[in-house]
Amino acid sequence: MRLDKMLVLAKREYLVRVKTKGFWIALLALPLFLGAMFVIPALVMTTTRAELDLVVVDATGRGLGEAMAADVAGRGEDSPMADLRITVVPGEPDREAQTAALDRRLLDEEIDAWVLLAPEELEDGRAVYRGRNVSNTLTQRMIERAVSSAAREMRLADAGYDPDEVAALIEDVELATVRVTETGSRAEAGEAGFALAYGLFFLLYMVLLIWGQQVLQGVLEEKTSRVVEVIASAARPFDLMMGKLLGIGAAALTQFGVWMVTVAALTAPFVLQSMAFLPEDARLPEIGVGHVLWILLFFVLGFFVYSTMYAAVGAAFENLQDAQNMVFLPTFSIILPVFFMFPVINDSDSPLAVIVSLIPLLTPILMPLRIAVEMPPWWQLAAAALLTAGFVVLMVWLAARVYRVGILMYGKKPTLKELWRWMRYA
Amino acid sequence: MTAASLELIGLHKSFGSFVAVEEVSLTVPRGRICGLLGPNGAGKTTTIRMIMDIIAPDRGRVLLDGRPRRREDLERIGYLPEERGLYRRMTVADHLAFLGELHGLKRKDAVERGARWLERLGLADRAPRKVEELSKGMQQKVQIAGTLLHEPEVVILDEPFSGLDPINQMLFKDLLAEYKQEGRTILFSTHVMEQAEKLCDHIALVSRGRLVLEGELAEIKRREGGSAYRLVAGGDLARAEAVAGVEQVVVDRQASGRARLFLRPGAAPAAVLRELVGFLEVHDFTSEEPALEEIFVKAVRDAA
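Quick mapping for you: the protein sequence lines, in order, are chains P and L.
Following the working numbering, the numbering of the first sequence begins with 1 at its first residue and continues without gaps.
Following the working numbering, the numbering of the second sequence begins with 427 at its first residue and continues without gaps.
Below, the structure is given as structure tokens:
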């Protein structure tokens with residue numbers, strides 16, 4: 001192993017990638033895309049908000065229409081639905097004539113819809129909505145809620161209850177979670193750790209979907225460009241493989257680092273805004289710095305564990321087409337840990353959880369989960385990190401062996417038996 | 427410039443039941459150009475790859491300056507393989523600097539030398555361009571520069587002239603001559619005998635994995651070539667047979683006034699010529715060295 005050569009090779013891989021236009025386009029595309037996702041809907045909401053002229057025929061004569069209008073007005077601007085302009089009219093004795101007249105106005109586009117609140121129908125729990133367009137389900141749902149709440153208050157009053165009192169009585173109960181740890185129990189939103197672990201899993205998956213292919217192609221590059229013999233005579237295949245992984249990994253982490261920072265910067269105003277609305281006693285999810293650092297370490301190790309799989313596939317073949325048939329192997333290796341996710345979350349220090357989280361191919365996904373549920377003992381974390389790093393080195397070493405023999409097999413696809421022989425080849 | 431000698435001792439490599447290189451031993455003295463000659467498939471490339479530690483030999487050793495060649499020693503060798511290429515997406519300047527660094531140069535030196543080479547090869551204006559934007563001939567120049575950039579003591583070239591355009595062939599030959607002048611050791615393989623004949627002072631002939639002939643080119647020619655002379659003269663050429671030291675005269679029946687003379691071993695050509703001018707009007711009397719091609723064919727036949 002020669003560190004200087006490895007670094008020269010890694011630097012080349014890194015610079016060649018970072019110097020491409022594609023890298024910078026991708027670097028800027030995600031923040032722009034996310035920015036657009038926040039800005040465009042907001043623009044659309046403010047400029048093209050639908051308006052709906054609604055007539056409420058209140059045949060109950062008990063102020064139900066007004067109560068409903070008040071309920072809608074109470075929801076105000078925050079409602080993502082159309083702005084409702086409600087006109088309440090009393091029910092006329094000739095129901096049919098009134099219906100015909102309102103339908104006429106509807107068809108003449110004077111109004112957009114009308115609702116009939118009739119006592120006999122409300123008793124059956126029904127009200128009629130008539131409109132030219134009846135597929136505006138969200139708006140209808142809002143009207144339905146408003147009618148329901150008005151009707152409920154009316155029924156409660158009829159039965160002799162005070163609606164406010166009843167509301168207080170049927171208030172929901174919220175489960176506040178408290179995690180008990182060695183350093184004393186503290187209140188915590190249990191989801192926060194999971195969110196981080198899950199989030200990183202999907203992030204890792206995404207990174208590898210994008211960059212795994214780069215690793216594969218990178219390992220094939222010397223062979224397709226025929227520069228391989230010059231490089232192989234100046235650097236050992238192990239140094240070449242390791243240099244590639246480090247260089248491409250650094251480029252991948254650069255890209256994702258920039259993305260993460262911009263995403264955080266873009267979403268920070270929204271997060272702060274929503275925090276301002278939290279009640280005084282709300283407890284924010286709390287994750288220690290130590291947790292985050294361990295999780296990030298396993299994220300980085302995860303990148304290398306799974307990308308060595310791509311490297312190994314690239315090492316065995318001469319060109320991308322042949323290698324493509326084996327790409328399912330690395331893809332499968334990152335999905336594998338998912339099978340153990342739920343047992344591990346359920347009981348994070350069971351023997352099963354401890355064992356599977358120490359298996360290098362599973363560690364990068366499962367260990368962060370365990371950390372999220374309950375911090376494992378430090379020696380388990382250290383052992384997992386060391387085993388994973390060792391596994392990466394071992395895989396690179398194996399890939400390098402296969403690579404060294406594969407260099408000379410121009411024009412021939414290896415069989416599994418040959419691959420095995422190559423690995424044992426001295 | 428200190429050069430190193432290169433020595434192969436009993437190199438052997440087989441792929442399955444096929445013996446690619448069989449017990450090849452060869453010494454390239456320092457400061458010499460050695461041609462590794464043989465037809466395609468003779469084992470030249472496998473031999474070179476074993477020298478470069480790309481293939482591990484089954485048996486045998488490679489010595490550099492009399493000591494076993496270690497992995498680090500490869501930095502002292504400039505290697506141009508038969509299968510050659512460049513990273514297409516790198517700029518020319520970056521590529522040369524990278525190759526220099528990979529062979530142990532400091533970044534600064536590598537950049538400087540790369541620039542100097544590009545200047546010399548008339549490619550200075552291409553330095554910032556990507557390799558893939560260069561013509562094939564220019565890429566070949568970059569490859570040559572990349573091989574020699576780190577000023578290796580030993581240069582190993584596998585079929586260096588194949589695929590080179592005439593201008594680059596000329597350029598390369600000049601460079602090799604210059605390198606030899608500086609006392610560096612050069613080993614190159616070729617299947618084109620004329621090239622070897624012009625460039626080498628040492629040759630090794632391989633056939634079917636075996637070394638059939640090795641040594642100084644001039645000496646081999648003397649040894650293998652015998653003593654044929656070409657005679658162009660007016661008069662009765664057949665009378666030359668009577669001259670002391672002449673073993674046989676073969677008169678050319680197709681062109682008048684031409685014959686081949688074969689001298690007896692130990693006969694002095696100058697003495698023969700003096701006799702000949704006595705009764706012939708001699709226009710030309712030249713030693714007719716056998717072509718390397720003939721020597722090679724004979725050696726292969728003898729070895730079989």
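Here a beta-carbon is modelled for each residue, glycine too, at the ideal position from N, C-alpha and C.
Counted within 10 angstroms of its Cβ, other Cβ atoms place residue i as buried (16 or more) or exposed
i, result
"P/Q321", "exposed"
"P/F202", "exposed"
"L/G572", "buried"
"L/H709", "exposed"
"P/T436", "A query on residue 436 of chain P cannot be resolved here, the shown segment of chain P reaching from 1 to 426 and no further."
"P/S350", "exposed"
"L/I646", "buried"
"L/R700", "exposed"
"P/N346", "exposed"
"P/S185", "Residue placement at P/S185 cannot be trusted, given a pLDDT of 42 that sits under 50; the coordinates are not used to answer."
"L/N594", "buried"
"P/P376", "buried"
"P/T363", "buried"
"L/E608", "exposed"
"P/M37", "exposed"
"P/W420", "exposed"
"P/Q324", "exposed"
"P/I407", "buried"
"L/G526", "buried"
Integer-rounded CB distance, given that residue j should sit under 8 Å from residue i
i, j, result
"L/G461", "L/K470", "Not quite, the Cβ-Cβ distance comes to about 10 Å (not below 8 Å), so this is no contact."
"L/L434", "L/V488", "6 Å"
"L/D491", "L/S451", "Contact doesn't hold; Cβ gap of about 17 Å is too wide."
"L/V581", "L/I629", "No, L/V581 and L/I629 are not in contact; Cβ-Cβ is about 16 Å, not under 8 Å."
"P/L52", "P/D83", "7 Å"
"P/M6", "P/D172", "Wrong, their Cβ atoms sit about 59 Å apart, outside the cutoff."
Under 7 Å by beta carbon: chain L residues contacting residue i
i, result
"P/E229", "I480, P507 and E509"
"P/K5", "L528"
"P/R401", "Near P/R401 there are no residues of chain L at all, since even the closest Cβ is about 11 Å away, more than 7 Å."
"P/R12", "F524"
Amino acids of chain P, ordered along the chain, whose beta-carbon sits closer than 8 Å to that of residue i
i, result
"L/H628", "The premise fails here: L/H628 is roughly 23 Å from chain P at the closest Cβ pair, so nothing lies under 8 Å."
"L/R515", "V16 and T20"
"L/E623", "Correct list: empty, because the minimum Cβ distance to chain P is about 27 Å."
"L/L417", "Nothing about residue 417 of chain L can be reported from this structure: the residues present for chain L run from 427 to 730 only."
Contacts around residue i, its chain only, beta-carbon distance under 8 Å, and the 5 residues preceding and following it disregarded
i, result
"L/A666", "L657, V672, V675, A685, L687, L702 and L706"
"P/G61", "P90 and G91"
"P/K244", "L9, A10, E13, V215, G218, V219 and A311"
Beta-carbon proximity list for residue i, same chain, < 7 Å, skipping 5 on both sides
i, result
"L/R496", "none"
"P/P330", "G212, Y306, M309, Y310 and V313"
"P/G65", "V56, D58, V88 and L117"
"L/E448", "H438, G635 and R636"
"P/F340", "V356, L362 and L366"
"P/M154", "R62 and L64"
"P/S149", "D71"
Amino acids of chain L, ordered along the chain, whose beta-carbon sits closer than 8 Å to that of residue i
i, result
"P/I407", "I480"
"P/V8", "F524, E527 and L528"
Beta-carbon contacts of residue i that lie in its chain and below 6 Å, excluding the five residues immediately before and after
i, result
"L/L663", "V677 and A685"
"P/T183", "Because P/T183 carries a pLDDT of 49, less than 50, the predicted location of this residue cannot be relied on, and the following value inherits that uncertainty. Excluding residues within five positions, none has a Cβ falling inside 6 Å."
"P/F391", "P360"
"L/M619", "L718 and E719"
"L/A725", "L631, V638 and L639"
Where residue i meets chain P, residues with beta-carbon distance less than 9 Å
i, result
"L/H529", "A234"
Where residue i meets chain L, residues with beta-carbon distance less than 9 Å
i, result
"P/R226", "P507, E509, R510, G511 and L512"
Heavy atom of the ligand GDP within 7 Å of residue i beta-carbon
i, result
"L/Y605", "The ligand content of the structure shown is nil, which means the ligand GDP is not present either."
Note to self: Which residues of the stretch 553-565 of chain L have a Cβ closer than 7 Å to any Cβ of chain C? Give them in chain order.
What the structure shows: Within the model displayed, chain C is absent; protein chains P and L are what it includes.
Check: Going along the chain, which unbroken runs of the beta strand (DSSP E) with 3 or more residues stay wholly within the stretch 32-71 of chain P?
Finding: 51-58
Item checked: beta strand (DSSP E) runs wholly inside the stretch 482-556 of chain L, at least 3 long, in chain order -> 485-490 and 503-506
Item checked: alpha helix (DSSP H) runs contained entirely in the stretch 115-152 of chain P, provided each spans 4 or more residues -> Those alpha helix (DSSP H) runs which fall completely within the stretch 115-152 of chain P and span 4+ residues are 119-123.
Checklist line | Continuous alpha helix (DSSP H) assignments of at least 4 residues falling wholly in the stretch 317-380 of chain P | finding: Fully enclosed alpha helix (DSSP H) runs of 4 or longer: 320-324, 328-335, 341-346, 351-356 and 363-373.
Item checked: Contained alpha helix (DSSP H) runs [length at least 4] in the stretch 444-481 of chain L, N- to C-terminal order -> 470-477
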